[in-house]
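Protein chains: 6
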Amino acid sequence: MENRCFYNSDGDFLIVPQKGNLLIYTEFGKMLVQPNEICVIQRGMRFSIDVFEETRGYILEVYGVHFELPDLGPIGANGLANPRDFLIPIAWYEDRQVPGGYTVINKYQGKLFAAKQDVSPFNVVAWHGNYTPYKYNLKNFMVINSVAFDHADPSIFTVLTAKSVRPGVAIADFVIFPPRWGVADKTFRPPYYHRNCMSEFMGLIRGHYEAKQGGFLPGGGSLHSTMTPHGPDADCFEKASKVKLAPERIADGTMAFMFESSLSLAVTKWGLKASRCLDENYHKCWEPLKSHFTPNSRNPAEPN
Amino acid sequence: MENRCFYNSDGDFLIVPQKGNLLIYTEFGKMLVQPNEICVIQRGMRFSIDVFEETRGYILEVYGVHFELPDLGPIGANGLANPRDFLIPIAWYEDRQVPGGYTVINKYQGKLFAAKQDVSPFNVVAWHGNYTPYKYNLKNFMVINSVAFDHADPSIFTVLTAKSVRPGVAIADFVIFPPRWGVADKTFRPPYYHRNCMSEFMGLIRGHYEAKQGGFLPGGGSLHSTMTPHGPDADCFEKASKVKLAPERIADGTMAFMFESSLSLAVTKWGLKASRCLDENYHKCWEPLKSHFTPNSRNPAEPN
Amino acid sequence: MENRCFYNSDGDFLIVPQKGNLLIYTEFGKMLVQPNEICVIQRGMRFSIDVFEETRGYILEVYGVHFELPDLGPIGANGLANPRDFLIPIAWYEDRQVPGGYTVINKYQGKLFAAKQDVSPFNVVAWHGNYTPYKYNLKNFMVINSVAFDHADPSIFTVLTAKSVRPGVAIADFVIFPPRWGVADKTFRPPYYHRNCMSEFMGLIRGHYEAKQGGFLPGGGSLHSTMTPHGPDADCFEKASKVKLAPERIADGTMAFMFESSLSLAVTKWGLKASRCLDENYHKCWEPLKSHFTPNSRNPAEPN
Amino acid sequence: MENRCFYNSDGDFLIVPQKGNLLIYTEFGKMLVQPNEICVIQRGMRFSIDVFEETRGYILEVYGVHFELPDLGPIGANGLANPRDFLIPIAWYEDRQVPGGYTVINKYQGKLFAAKQDVSPFNVVAWHGNYTPYKYNLKNFMVINSVAFDHADPSIFTVLTAKSVRPGVAIADFVIFPPRWGVADKTFRPPYYHRNCMSEFMGLIRGHYEAKQGGFLPGGGSLHSTMTPHGPDADCFEKASKVKLAPERIADGTMAFMFESSLSLAVTKWGLKASRCLDENYHKCWEPLKSHFTPNSRNPAEPN
Amino acid sequence: MENRCFYNSDGDFLIVPQKGNLLIYTEFGKMLVQPNEICVIQRGMRFSIDVFEETRGYILEVYGVHFELPDLGPIGANGLANPRDFLIPIAWYEDRQVPGGYTVINKYQGKLFAAKQDVSPFNVVAWHGNYTPYKYNLKNFMVINSVAFDHADPSIFTVLTAKSVRPGVAIADFVIFPPRWGVADKTFRPPYYHRNCMSEFMGLIRGHYEAKQGGFLPGGGSLHSTMTPHGPDADCFEKASKVKLAPERIADGTMAFMFESSLSLAVTKWGLKASRCLDENYHKCWEPLKSHFTPNSRNPAEPN
Amino acid sequence: MENRCFYNSDGDFLIVPQKGNLLIYTEFGKMLVQPNEICVIQRGMRFSIDVFEETRGYILEVYGVHFELPDLGPIGANGLANPRDFLIPIAWYEDRQVPGGYTVINKYQGKLFAAKQDVSPFNVVAWHGNYTPYKYNLKNFMVINSVAFDHADPSIFTVLTAKSVRPGVAIADFVIFPPRWGVADKTFRPPYYHRNCMSEFMGLIRGHYEAKQGGFLPGGGSLHSTMTPHGPDADCFEKASKVKLAPERIADGTMAFMFESSLSLAVTKWGLKASRCLDENYHKCWEPLKSHFTPNSRNPAEPN
């Protein structure tokens, strides 16, 4: 393990590895976090990450609030992400002298500071409490959705939420689109066309996202800012409008996710210009769309 | 229409017709309520019901609180029973003199009182406001449930709730078990065995309830009081434990429901003795059960 | 002062003297309470009352809750009953030995108990805190009502409220109908015809209540139980429907009040039978009423 | 109708036309909004406005929150602005091709963006829901105020409020000073002198504002920032202090309003310099004031 | 283990053994509960208790609510009873056939019912969740109190609380008076004389209660109903008023406790008559008291 | 008194004099505030301060919120800073003409504005209400802490709090470390080593702060920003780890305090550079620390 560690005085990190395993050392112990798992490391915790190959992923940082499970409402006592599936580290420590050589890097008010010390900070022999880092395997998500007709809002896929103090408004939600059965009858099954009061940043861990089969690749990202309409591409619309509906598997082998926020997201200059990966033609995926009536629409008043 | 009407000073009625149509006259107008529909008539509203054949059903009365839609939580802005599907009467009136002959019957503190008047009380020419009777067709319920594995709590089938002031505790919930797709893999799909902190009164409007195929007939009822364990009968257990799981329709042609309350329910003497319909052997449906491990159980940590 | 005092272990008393002054001794000091004033004596406080002539009034007892000022909502920081107009006693004591002769009477669970002691209980030399008896002069009530058109709900006359834990529902409200200006144009100005989700017990301290000029006398009472319709008598209706509307004084020289409760009130046998004061013909005040359209109704969409 | 429309991704608009009618096209239908009416168009809604003459007015924009009716508190179930008087559009659409020529302008993070499309966005054939633009005619405001003595806070004139998450603190209130009766005895009837924890921006739709008869003209505005004292001008003070009090009409033919905010308002350079309409002598309206006791003050303890 | 078990459908039990150890079998596993420990067994859980000698104690039953730790307020994140010191059973089971011979006794609506079954109900091989019985050793209570002057309310000794829905009002509190340091200067250190809005039932597990050295024995109980004044006996008063104050140990070797409830407690006939243990002279402990000024009173404004 | 006064439109001041008395004139009257007292002057209040010698202290300004007493939780009805010990001014005024010469200085949006007027603003003859400045003598703080073992969080020393809208999170707390008894057994008694989610600014009014005996002088300050660990210096650690524990006085003659905020504090350039008082070696107070086990640690499971 390197002689460097990090802690964030500003906020909490939700880390979504997309490629490569992360071996995370923390004061609480070690966690191996693999793609299709996520982990959260909160304010003030010192940590260090070992990687083993080309490695990449997504990070969401929230300020002044911690992630928590959504209140389940009528879903009841269990469902979606269950508390028992969140794993925390077991105490691990090293009694290692690094005279003058251990560097602790701190992010405070958006700037980085460094200090040197003589010992490894991972010297916590035992601990108790519930302010700990944790990880979660997305395959444990107990998926709930329509089993008759119509389309549930994507909030039903919420894994974790960082609540604002205004009820119903999140600083950030972490939402996934996991493998599941699609069975809604008399329904256009893909995500509907909509405007959102929240910003939607989508990423893809693996597979093919159902509403954008082309162009949106694992490791990529899309950003739909507040109140600008969007939805499935024209191909998806055509197919989903005409297909004969029967139970089918959706998203097998795929894991797309969304960072959704009531705040606006700024894009870095690098993201817009230097990355050379910007999809200049993204908006064209909707151009072939024509207004017309969708046969797969609901009219539940008809005889069953 | 008869020269008699009724109003309840004590509480609100939720009426579940099981056989025969109800033509309900209220001060707000008329409603035709048929089996598979429900209606609510609140405190103080004068009403009169015409029936046309042998007619029966269920009534749930709540005190000091009105029915409302459950908060949807992560389900989002739409789902379960949608507000737009609740129908209210259009103003209708009659200008009818009934000298000394119109009887208004009032239920107050559990007793009935009668008064005579000269005119029909259904003389409201127009009205506005939102304290009105309403009806709802259960086929409009947008059913949500597990689409991957595991079993959602029956609270996910809540149509209406009469909340107590203790968050999460209902005076009464009206819950249905509507036609839907069952797709959960690695799961024992019928209702699980449980004890409940609430009283469960079940009724059946039509069809066959999935967890008790025999004995529980349309128009019947069952009561499982708080904390006494119950669940599917032995037959249901055997079949559901061994069946190869695939998407299947559940409860087509059936509508069972539950009045669920955090309070205890008293049974009338007539219900226990005089009705001659008591099922003395009900508990025997569980006797053939033997403890054993259910193959259709979840182990989501196995490879998908 | 007598060698007897009283305390109530069950609840708080709101006392409304109607005739005769009350000189109330409490452990906190003395209060002279006269008609058109009210006072509140809470659980556990020992008190004794001297009267000087024929004396009568009304008492409202509430359990498990104290009276408080209503939240003013858009009325703002001041209005209705202002906190500064509630008066509390100044410490007063007597150092009086009454060997074996001072009787303390206690109401506990609706029963009376007595104990003897050697000293006067009014021996508190000084005190501080805010759990004190208080009095309020009803003439200080800052009356608010419609100054354009339409009719405000009588809740706008609330002096004190004893809240239940269900928001918007009171165990008991103390409401008055004080002298004020009536200026609403295009409006039927007396109390409107209504059914109430609460029980209404009305009393009259002095003068003539605007909606029932005859029969309802100072010291009398009327009870309209939940959900039974009522309103002004036929005379009042006739006059108020036809009068040309101009600013006028209402209730000068009059003080009617209401104990309003979300619970049902029981009437004692004495009240119903033995009092010989029951008004057997009360309901006849409404018999001359005929349905017809009231000219003094609002149509604000017409040009002003 | 022009080939341009607009939507605001940042917040909601409350529009107060002062001169000229507005014909507003929205995706929900059309609204004609005239002076003395207001309308609200929320985030994300595309709209376009036709005007017919010299037209002006006021706009208030709020972020992260919607306008709602104030909780009425003791005012009860009805009063102030009643829900039934808010009008929403009926669905209207045009099936109009504008090849490459329809411009959609978006305000996002305070900047304007434009996009072209081939069709009119006003192509919504039908809709349901409650996230809709609306209008309200200020003459429907049911005015409530003192009908005995003293002065209610101006919060009692609140039409709409955009609440912060701190109870009792509004991001913005829309308050009006409508035609009404003034009847308070023993009271200085104009607005009292005060400092405010909120910013007060006042405007005048028509007539003469009671506390500033001169200088404050329809279409004008005044801004009193937090905690700086203000009140009626010297003339108003003199008259209102000496006048013999009787019921009188206030503000007939006048409609002044206030945008009140717990935040501080910035004034544009144009507003301060370039407009040539700044009233440099505004503060002089108070200079003639001398401290003295007001005869029309309250002493309700005196005999009535 | 006997062939009988019990479950309570009505409420939760808090058990305070005073003499003799309890070996409690539950569906969740076994707990050995000894004097100076408490345990809670909730609604619906089947349990059976083995005792080994003369055994006695106290039981508090609450309905419709569970015990929880009090909100700590300014005490912060830790203190009083810490969550980590509550112990729950580890799964334990027996695979025991008892053909027709195992009796399950149920308390439902205050009555006892019995049913027979063929197997031991303690056949739960494993479980997860947080609805479990638990025990707590009172010596782990982190005692907080005045460390300068004055006397904290006994609420600061709250171990567990069963909250009503009215904030600040408990159905029942479990409060202890544990061994601790007494250091308050200028203070009368024993419990002060008071009236309580709650009922106080006190018990004694071992030792001598500081405010009643004689007569109140381990295994005994005292009940002070609402609003009747009480406090230390005359001896305690004399001593504590005159003693020179220095740090001293309080209650070493003693554990008194209080069941405190906002409801009134009824005493059984047996408790009042048949037990032959009633202390007829209890009230005499206060008779020697004379009013006088206590030297050990606070005047913090004097120089320290 | 000078012909200048000040008011703050932005927020409230909490003033902590450290040296020299403050004679504060306000519109509400005069307050003499001496070291070991604090005072609060809220938004909008005009005030002027006379000093008599070299004078210094600390000021905390909060925006959009007022200071209040913390909710006491299980501490009960009294304790910590008691309401009765907060003192407010008695009305005082001067009728003083200062033609063209009285300057009112206003802080608005962080900038200063000045206006001239002819009279003294301290001309308020009488007032009523509860929006007033106040002062509090810190010696009246009723200190509460551990009286058995373990260490209470410093929140238990909170005098005043300015709450954010997120429960449990303060914009700012004012916390003191007053003279008191230290009696916790089996405990390391000084402040423990910790990281804080809040910023800690400490000051010293007089004496020697227990955890930093050297270097931290009266009138000085220390700032520990969020999530950077800190605690007692090495000397303090050594002594407190080895000392035989007995009741002892802590902080006699000392008054340290903390401004604690969930926000980050910026330090002025003057504070960092120009003051020539920066302690460049502060971090060295921890360098001698070695990891080792503390004998004075808790193991409450051992026999008492």
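Protein chains in written order, with our numbering: chain A, 30 to 333; chain B, 30 to 333; chain C, 30 to 333; chain D, 30 to 333; chain E, 30 to 333; chain F, 30 to 333.
Ideal Cβ positions, reconstructed from N, Cα and C, are used throughout, including at glycine.
Are the CB atoms of residue j and residue i within a distance shorter than 8 Å?
i: residue 260 of chain F; j: residue 223 of chain F; result: yes
i: residue 150 of chain E; j: residue 133 of chain E; result: yes
i: residue 73 of chain E; j: residue 36 of chain E; result: yes
i: residue 170 of chain B; j: residue 200 of chain B; result: no
i: residue 288 of chain A; j: residue 203 of chain A; result: yes
i: residue 265 of chain C; j: residue 219 of chain C; result: yes
i: residue 247 of chain F; j: residue 101 of chain E; result: no
i: residue 238 of chain D; j: residue 283 of chain D; result: yes
i: residue 97 of chain D; j: residue 161 of chain D; result: no
Check the Cβ of residue i against every Cβ in chain C and list those closer than 8 Å, keeping chain order.
i: residue 72 of chain B; result: 226, 255, 256
i: residue 116 of chain D; result: Residues of chain C passing the Cβ test: none, with the nearest at roughly 11 Å.
Ends of the alpha helix (DSSP H) at residue i?
i: residue 270 of chain F; result: 263-271
Mind listing the chain B neighbours of residue i? Cutoff is C-beta to C-beta under 8 Å, in chain order.
i: residue 138 of chain E; result: 293
i: residue 36 of chain E; result: 256
By the DSSP assignment, the beta strand (DSSP E) with residue i in it spans what residues?
i: residue 96 of chain C; result: That residue, residue 96 of chain C, is in no beta strand (DSSP E); it is neither H nor E in DSSP.
i: residue 78 of chain F; result: 76-80
i: residue 126 of chain F; result: 126-137
i: residue 60 of chain D; result: 58-62
i: residue 238 of chain F; result: Careful: residue 238 of chain F lies outside any beta strand (DSSP E) and carries neither H nor E.
i: residue 289 of chain C; result: 284-290
i: residue 145 of chain F; result: 140-148
i: residue 189 of chain D; result: 187-192
i: residue 33 of chain A; result: 33-37
i: residue 68 of chain B; result: 66-70
Report the neighbours of residue i on chain C: residues whose CB is nearer than 7 Å to its CB, in chain order.
i: residue 157 of chain F; result: 113
Is there a C-beta anywhere in chain G that falls below 8 Å from the one on residue i?
i: residue 94 of chain D; result: In the structure shown, chain G cannot be found, because the protein chains are A, B, C, D, E and F.
Going by the DSSP bridge assignment, what does residue i pair with across the sheet?
i: residue 223 of chain E; result: E:259
Could you name the residues of chain E that residue i contacts, counting a contact when the two beta carbons are closer than 7 Å?
i: residue 195 of chain B; result: 194
For a test of your reading of the model: does the CB of residue i fall under 7 Å from any non-hydrogen atom of the ligand NAD? Yes or no.
i: residue 144 of chain E; result: Of ligands this structure carries none, so the ligand NAD is not represented either.
Check the Cβ of residue i against every Cβ in chain F and list those closer than 8 Å, keeping chain order.
i: residue 177 of chain E; result: 170, 171, 172, 207, 208, 209, 210
Strictly below 9 Å CB to CB, what residues from chain C border residue i?
i: residue 53 of chain D; result: Going along chain C, no residue has its Cβ under 9 Å from residue 53 of chain D, so there is no contact; the nearest lies around 21 Å.
Since residue i meets chain F, which of its residues come closer than 7 Å, beta carbon to beta carbon?
i: residue 84 of chain E; result: The contacting residues do not exist; residue 84 of chain E stays about 23 Å from chain F at best.
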